[in-house]
Structure formats: C-alpha cells, structure tokens
Amino acid sequence: MGPKPLRHARPAFAAAALLLALGAVGPARAAGEDVHAAALQACPKVKGEIVDLNMLAEGLKNSNAVGLFEKLRLKTAIDEVIERLKAFHAGARRYSLPELQEQYDLLMMRIAAALQDKDVMLHGQLCNAWEPLWSDLQDRGRFKEKFS
Amino acid sequence: MSALPMPAGLARACAGALLAVGLAACQTPPAVSLPHHVLVRAYLADLVDMQGFACASVVEHVRLRRLDYQVLCDSGRAYRVWVDAEGRVNVEPLVGSLRAEPLPLSAQPQASAPV
Numbered sequence: 013m014g015p016k017p018l019r020h021a022r023p024a025f026a027a028a029a030l031l032l033a034l035g036a037v038g039p040a041r042a043a044g045e046d047v048h049a050a051a052l053q054a055c056p057k058v059k060g061e062i063v064d065l066n067m068l069a070e071g072l073k074n075s076n077a078v079g080l081f082e083k084l085r086l087k088t089a090i091d092e093v094i095e096r097l098k099a100f101h102a103g104a105r106r107y108s109l110p111e112l113q114e115q116y117d118l119l120m121m122r123i124a125a126a127l128q129d130k131d132v133m134l135h136g137q138l139c140n141a142w143e144p145l146w147s148d149l150q151d152r153g154r155f156k157e158k159f160s
Numbered sequence: 002m003s004a005l006p007m008p009a010g011l012a013r014a015c016a017g018a019l020l021a022v023g024l025a026a027c028q029t030p031p032a033v034s035l036p037h038h039v040l041v042r043a044y045l046a047d048l049v050d051m052q053g054f055a056c057a058s059v060v061e062h063v064r065l066r067r068l069d070y071q072v073l074c075d076s077g078r079a080y081r082v083w084v085d086a087e088g089r090v091n092v093e094p095l096v097g098s099l100r101a102e103p104l105p106l107s108a109q110p111q112a113s114a115p116v
C-alpha cells in the first residue's frame, strides 16, 4: 500500500518552498526571533532531578498526567531511542549523531507536551534534564556505564 | 465419535499462548530502523495533533533550528512547532496552505545556528 494520496497534491519542492516562505511571513517569525532562540533557557526551578532516561520513564509511570496507553507508547519510544543509541555506540551508522539528537529532542518534546499542563513538577524536571541527559547519551563511555 | 476432553493445564497453556500472540500483534510495530525523516514527521504530526490541530500526517517539514520546526500536514495546513524558554511545546498555525500559491524561494529565511 502506497502513501496516502493528497488532494490537490503538488510537487514536493513547491510544498517545501511554501514552508520556507511561510517562515519569512508567518506570525511567529514576525513576533521576533528571540522567542524561539531562547529554548530551555528558563526552565522552572523544581525539587528533584532526572538523571537518566530510565528515571524519566519511571516518573512517567507514576504520573497521573498520562493515560495508560500513552505511558506504554512513551515507554516504547524511550526504549527505541535507547536501542538506536546503543547501536550507534556499538558502531552502527544507520543514524548519525545529529539525527539521533533530533530524535531524542522530538521524544522529549512529545513527553513535555504530554506533561506541561498536567504535571508541572515532572515537566520542570524534564526541562532541566533535557540537555544533561543528551550529554550523557551521546558520550559512549557514560552511555555504556548506564546501559550495559 | 466424541472428542477427547482437553486437560485443564493444556487449555490454560493454550489460552496463555493465544493471549501473548494477540498482545504482540496489537503492539505498535518497532520504529527502530525507519528512515530518519519518517520518524521526525511522525513525532511532529503527534505534537500538532496533541495541541488540538488535526494532523494525520506531516508531508513536509523544515527545521529552522534546534527545537523549532515548520510542518505541513496532509490537510494542507501549516504549523510552527517549537519549544520555548520554559520547555513548553507550542504549536501555532501559519498563514497559507497547500492550496495557496507558494511564495518565491527568494523569501526563504536565513539559516540560523542551533540553540
């Protein structure tokens, strides 16, 4: 089965051009660059910290902000990111390190979006842990220490 | 000819096996080795959808910088998805859609450094 057909589909380059062009005229851009450039620079100060992805998964498991099905989905997504990083550190080059970082960021965005209005404490911990966790994950030595 | 009754232990084992197979079949297929852009678009579609904007799938995306994207959904609607200073994920509809005429490529934003 092929990809879902689009109504009024146009060449991909036209869509990409539209997206890029929207960037120059969209309301977010007009509001100012700095709003976006300052990501994660003002994480809320909260008690407790998340020191690894397993601890984050445990926090999600105990949070009332996320439903059971969503918990399973996020746990699977966390495990998949760990598996891909494990493969990378073992020498596989299916994904580059920048690609893995993007996948990690998107996973964290996915989790942050689920928590941000429902579990302020865990969301704050996640925000504070976002960069340190990646720092550990990308380092082969520290990664192997945690996941071997 | 009458069938022999199945021992209770065997019946339980069969039921357990069927349940395990059923659960395994219901699980999401592993996304461990999908192409990178497919993974990215799946996450972005989820993020747009979670904020209350219908987006079954993302057909195009542009990464403006780290934690900041523009996406085009299969509906033809475009959104900006970004993380703010407090770590909150925001989704904002952008003007225009696939039905609108694309603006010239000369209007592309300048590439910027990651956060």
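In order, the protein sequences belong to chains F and A. For the first sequence, the working numbering begins at 13 and goes up steadily by one. For the second sequence, the working numbering begins at 2 and goes up steadily by one. Glycine residues also receive a C-beta, built at the ideal position from the N, C-alpha and C atoms.
Answer with yes or no whether the minimum CB distance from E114(F) to chain A is below 8 Å. yes
State yes or no: is the C-beta of H37(A) within less than 8 Å of the C-beta of Y107(F)? Their beta carbons are under 8 Å apart, which means H37(A) touches Y107(F) by this criterion.
Going by DSSP, what residue range makes up the alpha helix (DSSP H) through V39(A)? H37 to M51
In angstroms, rounded to a whole number, what distance separates the CA positions of A124(F) and L149(F)? 19 Å
Quick one: which chain F residues come within Cβ less than 9 Å of V86(A)? The sequence shown places Ala at residue 86(A), not Val. V47, A50, A51, L52, Q53, A54 and C55, listed in chain order.
Ordered along the chain, which non-local residues of its own chain (more than five positions away) have a Cβ less than 8 Å from that of L109(F)? F100 and Q150
List the residues that DSSP assigns as beta-bridge partners of A79(A). L73(A)
If you measure between the beta carbons of V90(A) and L73(A), is that distance less than 8 Å? No; because the gap between Cβ atoms is not below 8 Å, this pair is not in contact.
Any non-hydrogen atom of the ligand GTP closer than 7 Å to R64(A) Cβ: For the structure depicted, the ligand GTP is absent and the ligand set is empty, with no information on it obtainable.
Hey, would you say G88(A) sits closer than 8 Å to L118(F), going by beta carbons? no
Answer yes or no: do V82(A) and V49(A) have a C-beta to C-beta separation smaller than 8 Å? yes
Could you check whether the Cβ of H101(F) sits closer than 8 Å to any Cβ belonging to chain A? no
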